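Asks:
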Ligand code: GLU
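Numbering (our numbering), first residue to last: 1301 to 1622.
1. What did DSSP end up calling residue 1373 once you bin it into helix, strand or coil?
2. Please determine whether the Cβ atom of residue 1615 lies at a distance below 7 Å from any heavy atom of the ligand GLU.
3. Return the bridge partner residues of residue 1565 from the DSSP annotation.
4. Quick one: any contact between the segment 1351-1358 and the segment 1481-1496, if contact means 3 or more CB pairs under 8 Å?
5. Could you check whether the Cβ of residue 1418 sits closer than 7 Å to any heavy atom belonging to the ligand ATP?
6. Let me check you understand the geometry: is the CB of residue 1561 closer than 7 Å to at least one non-hydrogen atom of the ligand GLU?
7. Nearest by alpha-carbon distance to residue 1631: which of 1566, 1571, 1573 is it?
8. Where residue 1655 and residue 1507 are concerned, what is the direct C-alpha to C-alpha distance, given to the nearest angstrom?
9. Please work out which residues of its chain come closer than 6 Å, Cβ to Cβ, to residue 1253, disregarding the five sequence neighbours upstream and downstream, and give them in chain order.
10. In or out: residue 1336 buried (at least 16 other Cβ within 10 Å) or exposed?
11. Distance check for residue 1309 and residue 1593, CA to CA, integer angstroms please.
12. Between the C-alpha atoms of residue 1456 and residue 1615, what's the straight-line distance to the nearest angstrom?
13. What's the C-alpha gap between residue 1380 and residue 1342?
14. For residue 1558, does the count of other Cβ atoms within 10 angstroms reach 16, so buried, or fall short, so exposed?
15. Any chance you could list the alpha helix (DSSP H) runs of at least 4 consecutive residues sitting entirely within the segment 1495-1558, in chain order?
16. I'd like to confirm something about residue 1365: is its beta-carbon nearer than 7 Å to some heavy atom of the ligand GLU, or not?
Here's what the structure looks like:
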C-alpha cells in the first residue's frame, strides 16, 4: 500500500505534524499525565477492510470520551429511543465536556450523551444482573467493534475514581432530578471503567469504520450494533462530538466525530471509511492538537466534508479502490 495516495497523504501529514509542540497532555486524571507527548498515530480503515496506517498505531491508551458513542448505541439498542430521550437530550451545549452548570432547565435532562453528565446517565441505563454482568456486557459490546475482547487499565480507572469529584457531583445532581436511578457509586464505577478501556489507534480506526459500515465490523464481519441506530450515533457525533469545538469542527471538517482526553479522535465518513488519530497533547477545548490538524487536512485533501459538492461519496471509495 506504500505507493497508494491515501498512504502517502497520511505519511506526509505525520511527518508534517510530528514536530508540532503545541498543546498539553491531560493531567486532571493523574494517570493520563504519564502519556508521551510525542506519541502520534493515524489509521484509516475502509468499509471493505483496507487499512492505511502510520506512526504509533500500536501504542495503547485509554479510550476515555470516545467510549460515549458506543455505550450510547448500546443503551439505545437495549432501552429504546424513547427512554433514552427522556433521560438524555440531543442538544449541543457549546460548553466544556465536564460542564456542571447545565441540565436542561425544563426537563432537567443532561443536554446530550457526548458530555460527561449525559454519558454517566447513559451508562447508568445499561442493564444487567449485577455490576459485573453490566461491565462484562459493555466489554463484549466494545469487543465487537474492536475485533477482540478489550480490557480495562486499572491504574487509570482508580486514578479517575479517586480524582473524579466533578463527575461525582454531576451524578448526584442528576439523581436529585431522577435522571439517574440507583447507586451513584456503581453508576460512576461503570462509567470510569468504560473510559479506562484500553485501545490503540488501529482499534479506533476499525471502530470508526464499523460505524461507517452501518454497524458491521469490516475486518471480522461481526455486527456490533443494529444499523437502525447508526443514524443516532452519527447525528449526535456530528452535533456534539468535539466538545465546545463541535460547531467549528462541523464547519471545517464536516464529519461526525468524537474525541477523548487521552488524545484520540475518531471521524466517520458514512458508508465509506473510518479515521482515527491519536496524539496526547490537547488544545484548550480538550481536543488533540495534531488530531484536529490531521483531520482538517484529510477532509480537505480527500474532499470528505459531508456537505462538499465537489465529489460524491461513492466516488471517494472508487478512487481509493483504484
Ligand atoms: N473519563 C473522562 C472524564 O469523565 C472522559 C473525558 C473525556 O475524554 O472527554 O472526565
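Beta carbons: idealized from backbone N, C-alpha and C, even for Gly. Model, not experiment: these values are computed from the prediction.
Replies: Here's the rundown:
1. Here residue 1373 carries a helix assignment [DSSP, helix/strand/coil].
2. no
3. 1559, 1577
4. Output reads no: the segment 1481-1496 does not touch the segment 1351-1358.
5. Absence of the ligand ATP from the depicted structure is noted, with the ligand GLU being the only ligands included.
6. yes
7. Here the chain comprises residues numbered 1301 to 1622, so residue 1631 is not present and cannot be evaluated.
8. The structure shown does not extend to residue 1655, since the chain is modelled only from 1301 to 1622, so the question has no answer here.
9. The chain is shown only over 1301 to 1622; residue 1253 falls outside these bounds and no answer can be derived.
10. With fewer than 16 other beta carbons inside 10 angstroms of its own, residue 1336 counts as exposed.
11. Rounded to the nearest angstrom, the two C-alpha atoms are 13 Å apart.
12. The alpha-carbon atoms of residue 1456 and residue 1615 are separated by roughly 42 Å.
13. 34 Å
14. Result: buried.
15. 1501-1512, 1530-1540, 1546-1552
16. yes
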